[in-house]
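A.B. asks:
Spelled out as structure tokens, the structure:
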């Protein structure tokens, strides 16, 4: 069987992203007093130099993935998943701590975070499970199994204190919804999140009053024949009660369930003046960097905020600041626009798949990238709590770049063979 | 596609696709909205904040204290060094930037020529760019400059404009304190250093005192790694560290280092240690460690403080504490005769040997010839079956516990097994310096007690910690001094006789014949191999004191693994001569020592007939510091001559308008005397004037030339 045709648009966008990402990392670590040229061995001690190595090795990974038989990924999905579950179990015992996170393996000079790769493994197994014609996501039995596949790695990652990475698994809801999960689940989740956020920002009592008014208006405006239905009232009353319960638990959740550093991240979001030397500082500096960029930015390598190391983690989680400061509104418009184009394209490709495995996997990829994209940019501008979520293809980091490359190219490989899958 | 059979589900799924597209598009607009808000609505405010230089509280490092030698010479100090930077915004303030434009090319050329790392164009571009970007600070180069270089740079084009007013020329020097030792390598390891995370020597031991208390002040961030203090904005002023006043005498230290190097050149040991201790006070006057090093031209460098860090089997020098213990225990007499027997003898199943068969010998002879067998037989007789007593004596002699020196070392505690764990003949072997382990400093502190009328004093290297001139910590107060002697005066007398005998008729006769007299003990320990058993390498020591009759200094010289000697000749050949070189030179320099010797000068000084002519002012200073009686010359030049044991002072007058007599003067005085009378001087050679071409006392013409020969 011959290799099919890769989707040129997605591949070009991938290369465009990694090159732009690298240039921004270079700029973030660039020291005008002592610029290092790429032939200088010292260069490879900087993030930009190391990222260049990660980029090179990513190319090897791509060639490797494209060379493997496309059926491998479906057949071996359970094995890959199992292997990563074992790694996640092993990491608390055999791992090393980097930047306060005990979730890394050290092999020689290379450090690998298995949590990054577990997303791909989960997407593969979930897709394989859904490929079974028997599986129907409207039935509880299948819903439970799917939830289990997602929850197992998620819980293990939470156990190693990487809540941010664990939350990424919530993005599989997109995959499940596309594959027939009733809309009430994502709807419910979105509602709860909305209510929680509202409850954080507004006093619970006000929400009660508003809800009560809304409920009365709805009840009064319902058609007469529905008003008579006892059940409708009951449902409405139950709904309001639930919402009240959720809002009243917010304080408890924030103060007792969340750990201190998580709680602080939420407080900062609501009040940037909170913790001005720590997290608030990070967010304020991030906003200053982006906000001071203007329409066209300060120019490549000319950003002062990022050069002065004002923005912590500027080459990893806060790489978007460098783009904002140096390329301005125009730059961020281009990057976000290209990302949206990229997501549209991937979704379009996913929808074109004839095999349910490839389609589900494709939606998994879209979900994961979308989640990262949204949360990462959201946290640099104060819309999302600060958590260690990198910007796909842009952020510095080997595990992150490798895992996104693998995630994407498995899908592009499957896509290239979509006609072969049809013939099965 | 079985589960997507019905048309309704298909439509539903299509809807869901649209929901996703909508969702992504929605978030696109959401993000763009917020970014728009940050960049355009709040942008002005953020741009202002970004333009503000960043200010932060940071600690200000206090000036580190100096370390001084005993005579107040600086051993180590903190010198200010400077980093050159500029404030390019200054040039934009002036309309048209005329001085800048006029001078920048010349400045760039001067900088390039000075630093030799970048071309003038590169410097120019760098400064131009910073100016255009309105940077408030640009680091020109990271190199640290000394004060002279700083002065030179201030004369560079642009920087010298506007009378060098820095607010107009933009020049900025950042001060950095750097540790500097004016004497270079001298006592390098003893003084120590703080490098990266490694700290050794006095710098480490007294870090707390030297460091001072850091202050707090506001700093401006200028650059990725540069924080500059904002002037006059110190919230807490740093408190400078204390100055350490050590007991190190730089002259004696120099003598010891030279002598050690000479010894090492001859015998090529692994390392050598020299310690000079002032007998009465316990002050360490010199402490030198020379270790093999490929980094130094001489092949040796101060890299490790063996004197306090390295323990070794002391060898025969340990016979003296054993002897002291035996004499205290049963009043052993010097002339008591012992049957030592042949040159081999078995103790507890192991052979011990002497350099030669002694037959029957006196106790004195046993020490003077360093007989192992004799000492061990005596030990067996005195302490056989009551080894614990011997141990108690050693404890009293400060040879069991660490001596508590000011520079701490993990190896300070001697290795000497407790009697409860002794096996076989441990005590006998230990008594002659084997199977035990001591640092050189432990050994010298014991010998110093013998020199110091039996009183043990703790070795001391730092006397005071001072701030300004005020003593903050007086370490002599915490110095341990025994209130009673280690032994009776009878025992002491016997031991001193033995130590003098070692030099006059024992193992170290090669250093006898000094005017002042040396008393000491040689020791040669065969080195133990890593896996046990003895090697062919030796650890050689000579420790003693001088002058023998009235000890002023205690000296220890030790060398590890010298080449070319045998067991019998090692300590005699290797370390004893080094000892003598040290004692001779100290003796020659130390005037107080000589004054007490009723006018007899050492041979080294007394060989020549001395004759000098001195200016009366110099003569006053010289004589009073020598402790000689003042000679009143009535303002005339003084001729001082010395013939063997007689010194003659004579005032000489030079009649006006005649050529003065300058023979015997140094060149400075000669020029002074001659040019005062209008003569032109041409000098040859160096030293003192031995001849002059115009005869003294003869008339002369102004401007005539006189040739002087110096030697």
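Residue numbers (the UniProt record's numbering), protein chains in the order written: chain H, 1 to 424; chain G, 1 to 711.
C-beta: ideal position from N, C-alpha, C; glycine also.
1. Name the chain G residues whose beta carbon is nearer than 7 angstroms to that of residue 293 of chain H?
2. At 3 residues or longer, what runs of the beta strand (DSSP E) sit wholly inside the segment 54-134 of chain G?
3. Pull out every residue of the segment 166-179 of chain H whose Cβ sits closer than 8 angstroms to any Cβ of chain G, in chain order.
4. Within 10 Å of its beta-carbon, does residue 192 of chain H have 16 or more other beta-carbons around it, so buried, or fewer, so exposed?
5. Would you report the Cα separation of residue 236 of chain H and residue 5 of chain H, rounded to the nearest angstrom?
6. Taking only beta-carbon positions, decide if residue 329 of chain H is within less than 8 angstroms of chain G.
7. Which class does residue 665 of chain G belong to by DSSP, given the choice of helix, strand or coil?
8. Do we get a CB-CB distance below 8 angstroms when we pair residue 217 of chain H with the residues of chain G?
9. May I ask you to report which of helix, strand or coil DSSP gives residue 606 of chain G?
10. Got a sec: is the Cβ-Cβ distance from residue 111 of chain G to anything in chain H below 8 angstroms?
11. Taking the alpha carbon of residue 421 of chain G as the reference point, which residue from G:391, G:636, G:411 and G:395 has its own alpha carbon closest?
12. Taking only the alpha-carbon atoms, compute the straight-line gap between residue 562 of chain G and residue 266 of chain G and give it to the nearest angstrom.
13. Who are residue 229 of chain G's beta bridge partners in DSSP?
14. Give the residues of chain G in contact with residue 5 of chain H, contact being defined as C-beta atoms less than 8 angstroms apart.
15. At which residue ranges does the segment 288-357 of chain H contain complete beta strand (DSSP E) runs of 3 or more residues, listed in the order of the chain?
16. Using the Cα positions of residue 403 of chain H and residue 144 of chain G, report the straight-line distance between them to the nearest angstrom.
17. My parser needs the beta strand (DSSP E) runs of 3 or more residues fully inside the segment 396-427 of chain G; what are they?
18. Expressed to the nearest angstrom, what Euclidean distance is found between the alpha-carbon atoms of residue 482 of chain G and residue 459 of chain G?
19. With a threshold of 16 other CB atoms inside 10 Å of the CB of residue 18 of chain H, please say whether the residue is buried or exposed.
20. Measuring CA to CA, which of G:211, G:191, G:212 and G:195 is closest to residue 202 of chain G?
21. Near residue 183 of chain H, which residues of its chain fall below 8 angstroms by C-beta distance, leaving aside the five closest residues on each side in sequence?
22. Can you tell me the Cα-Cα spacing of residue 142 of chain G and residue 111 of chain G, whole angstroms?
23. Sort H:351, H:396 and H:169 by Cα distance to residue 14 of chain G and report the nearest one.
24. So residue 503 of chain G is in the beta strand (DSSP E); what residue range does that whole segment cover?
25. Distance cutoff 8 angstroms, beta carbons only. Does residue 421 of chain H sit that close to anything in chain G?
26. Taking Cβ to Cβ, would you say residue 576 of chain G is nearer than 8 angstroms to residue 670 of chain G?
27. Would you identify the three-state DSSP class for residue 283 of chain G, choosing helix, strand or coil?
28. So for residue 1 of chain G, helix, strand or coil by DSSP?
29. Helix or strand or just coil, what does DSSP make of residue 153 of chain H?
30. Quick test of your reading: residue 695 of chain G and residue 659 of chain G, contact by CB under 8 angstroms. State the CB separation rounded to the nearest angstrom.
31. Runs of 4 residues minimum, wholly inside the segment 446-495 of chain G: which ones carry the alpha helix (DSSP H) assignment?
32. Could you tell me the alpha carbon to alpha carbon distance between residue 290 of chain H and residue 41 of chain G, rounded to whole angstroms?
33. CA-CA distance, residue 480 of chain G and residue 457 of chain G?
34. Check for me: the beta strand (DSSP E) holding residue 102 of chain H runs from which residue to which?
35. Under 8 angstroms, do residue 172 of chain G and residue 87 of chain G count as touching if we go by C-beta distance?
36. So residue 305 of chain H contacts chain G; which residues on that side make the cut at Cβ distance below 8 angstroms?
C.D. replies: According to the data block:
1. Residue numbering aside, residue 293 of chain H sits at position 293 when the first chain is read from its first letter. The CB of residue 293 of chain H comes closer than 7 angstroms to the CB of 39 in chain G, given here in chain order.
2. Residue ranges of uninterrupted beta strand (DSSP E) with 3 or more members, entirely inside the segment 54-134 of chain G and ordered along the chain, are 54-60 and 74-86.
3. Here the close residues are 174, 177 and 178.
4. In the first chain, residue 192 of chain H corresponds to position 192, counting from 1. The residue in question, residue 192 of chain H, is exposed, as its Cβ has fewer than 16 Cβ neighbours within 10 Å.
5. For the purposes of this step, residue 236 of chain H is identified with residue 236 of the first chain, where counting begins at 1. For the purposes of this step, residue 5 of chain H is identified with residue 5 of the first chain, where counting begins at 1. Distance between the alpha carbons of residue 236 of chain H and residue 5 of chain H: 53 angstroms.
6. As a working note, residue 329 of chain H is residue 329 in the first chain. Yes, residue 329 of chain H counts as interfacial toward chain G.
7. The residue you call residue 665 of chain G lines up with position 665 of the second chain. Correct three-state label for residue 665 of chain G: coil.
8. Looking up residue 217 of chain H in the first chain gives position 217. Taking Cβ atoms only, chain G never reaches closer than 8 angstroms to residue 217 of chain H, which makes this a no.
9. Sequence index remark: in the second chain, residue 606 of chain G carries index 606 (1-based). Only weak support is given to the placement of residue 606 of chain G: the predicted model assigns it a pLDDT of 48, under 50, and the value that follows is read from those uncertain coordinates. For residue 606 of chain G, the three-state secondary structure derived from DSSP is helix.
10. Locating residue 111 of chain G in the second chain gives position 111, where the first residue counts as 1. For residue 111 of chain G, no Cβ of chain H is located within less than 8 angstroms of the residue's own Cβ.
11. Looking up residue 421 of chain G in the second chain gives position 421. Answer by Cα proximity: G:391.
12. Working through the second chain from its first residue, we reach residue 562 of chain G at position 562. Working through the second chain from its first residue, we reach residue 266 of chain G at position 266. CA-to-CA, the gap between residue 562 of chain G and residue 266 of chain G works out to about 9 angstroms.
13. Residue mapping note: residue 229 of chain G aligns to position 229 of the second chain, counting from 1. G:219, per the DSSP bridge assignment.
14. As a first step, residue 5 of chain H must be located in the first chain, where it is residue number 5. In chain order: nothing, as chain G lies at least about 23 angstroms away.
15. For the segment 288-357 of chain H, not a single whole beta strand (DSSP E) run of length 3 or above is found.
16. Looking up residue 403 of chain H in the first chain gives position 403. Looking up residue 144 of chain G in the second chain gives position 144. Their Cα atoms are separated by approximately 46 angstroms.
17. Counting only runs of 3 or more, we get nothing.
18. Counting from one through the second chain, the residue named residue 482 of chain G turns up at place 482. Counting from one through the second chain, the residue named residue 459 of chain G turns up at place 459. C-alpha separation (whole angstroms): 12 angstroms.
19. Taking the first chain and counting its residues from 1, the one referred to as residue 18 of chain H is at position 18. Counting other Cβ atoms within 10 Å of its Cβ, residue 18 of chain H reaches 16 or more and is therefore classed as buried.
20. Counted from its first residue, the second chain places residue 202 of chain G at position 202. Considering only alpha carbons, the answer is G:191.
21. As a working mapping, residue 183 of chain H is identified with position 183 in the first chain. Excluding residues within five positions, the ones whose Cβ falls inside 8 angstroms are 177.
22. The sequence position of residue 142 of chain G within the second chain is 142, counting from 1. The sequence position of residue 111 of chain G within the second chain is 111, counting from 1. In this structure, the straight-line span from the alpha carbon of residue 142 of chain G to that of residue 111 of chain G is close to 13 angstroms.
23. Position 14 of the second chain holds residue 14 of chain G. The residue with the shortest Cα to Cα distance from residue 14 of chain G is H:351.
24. One-based indexing of the second chain puts residue 503 of chain G at position 503. It is not in any beta strand (DSSP E) - residue 503 of chain G instead sits in the alpha helix (DSSP H) that spans 489-505.
25. Numbered from its first residue, the first chain carries residue 421 of chain H at position 421. Chain G, which has no Cβ nearer than 8 angstroms to the Cβ of residue 421 of chain H, makes this no.
26. For the purposes of this step, residue 576 of chain G is taken as the residue at position 576 of the second chain. For the purposes of this step, residue 670 of chain G is taken as the residue at position 670 of the second chain. Contact flag unset, no.
27. As a first step, residue 283 of chain G is located in the second chain; it is residue number 283 there, counting from the start. Judged by DSSP in its simplified three-state form, residue 283 of chain G adopts strand.
28. Start at 1 with the first residue of the second chain, and residue 1 of chain G comes out as number 1. Model confidence at residue 1 of chain G stands at a pLDDT of 39, short of 50, so the residue's coordinates are unreliable and nothing is read from them.
29. Translated into the one-based positions of the first chain, residue 153 of chain H becomes position 153. DSSP places residue 153 of chain H in helix when its eight states are reduced to three.
30. Reading the second chain from its first residue, position 695 is the one you call residue 695 of chain G. Reading the second chain from its first residue, position 659 is the one you call residue 659 of chain G. In this structure, residue 695 of chain G and residue 659 of chain G form a Cβ contact; the two beta carbons are roughly 7 angstroms apart against a cut-off of 8 angstroms.
31. At a cut-off of 4 residues, the continuous stretches assigned as alpha helix (DSSP H) that sit fully inside the segment 446-495 of chain G are 475-478.
32. On the first chain, residue 290 of chain H is found 290 positions in, with the first residue counted as 1. On the second chain, residue 41 of chain G is found 41 positions in, with the first residue counted as 1. Looking at the two C-alpha atoms, the distance is approximately 12 angstroms.
33. Here residue 480 of chain G corresponds to residue number 480 of the second chain, with the count starting at 1. Here residue 457 of chain G corresponds to residue number 457 of the second chain, with the count starting at 1. For residue 480 of chain G and residue 457 of chain G, the distance between alpha carbons rounds to 6 angstroms.
34. Start at 1 with the first residue of the first chain, and residue 102 of chain H comes out as number 102. Where residue 102 of chain H is concerned, the enclosing beta strand (DSSP E) stretches over 101-107.
35. One-based indexing of the second chain puts residue 172 of chain G at position 172. One-based indexing of the second chain puts residue 87 of chain G at position 87. Yes. Within cutoff.
36. As a first step, residue 305 of chain H must be located in the first chain, where it is residue number 305. Near residue 305 of chain H (Cβ distances below 8 angstroms), the residues of chain G are 50.
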